[in-house]
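Numbering (the UniProt record's numbering), first residue to last: 1 to 67.
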């Protein structure tokens with residue numbers, strides 16, 4: 001992967017209903033030289049699992065889990 005030109009930081013807290021749509025939108029941008037940083041701020045729904053699932057499929061995604 002080339003050095004990222006853009007960093008996209010997405011704060012996440014209990015937004016399971018919208019998260020996949022959000023991540024699909026960012027992952028499918030035409031600019032490929034991006035890093036996507038997901039900050040799961042202690043969600044009590046399945047956001048953490050969804051973030052990890054996307055990170056496993058796309059090396060541009062970095063997940064930070066906060067308590």
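For glycine and all other residues, C-beta sits at the position ideal for the given N, C-alpha and C.
Proximity test, residue i beta-carbon vs the ligand FAD heavy atom, cut-off 6 Å
i: residue 22; result: With respect to small molecules bound, the structure shown includes none, and the ligand FAD cannot be examined in it.
Per-residue DSSP class, three states only, for residue i
i: residue 108; result: In the structure displayed, the chain extends from 1 to 67; residue 108 sits before or after that span and is not available.
Whole-angstrom distance between residue j and residue i, CA atom to CA atom
i: residue 45; j: residue 9; result: 20 Å
i: residue 22; j: residue 67; result: 22 Å
i: residue 29; j: residue 54; result: 15 Å
i: residue 47; j: residue 20; result: 9 Å
Residue i classed as buried or exposed, judged by whether at least 16 other C-beta atoms fall within 10 angstroms
i: residue 64; result: exposed
i: residue 38; result: buried
Practice item. Output the residue ranges of the beta strand (DSSP E) runs that lie fully inside the UniProt domain "Glycosyltransferase 2-like" (7-67) and measure 3 residues or longer, sorted by chain position. Key: For secondary structure counted as the beta strand (DSSP E) over 3 or more consecutive residues, the UniProt domain "Glycosyltransferase 2-like" (7-67) holds these complete runs in sequence order: 34-41, 61-66.
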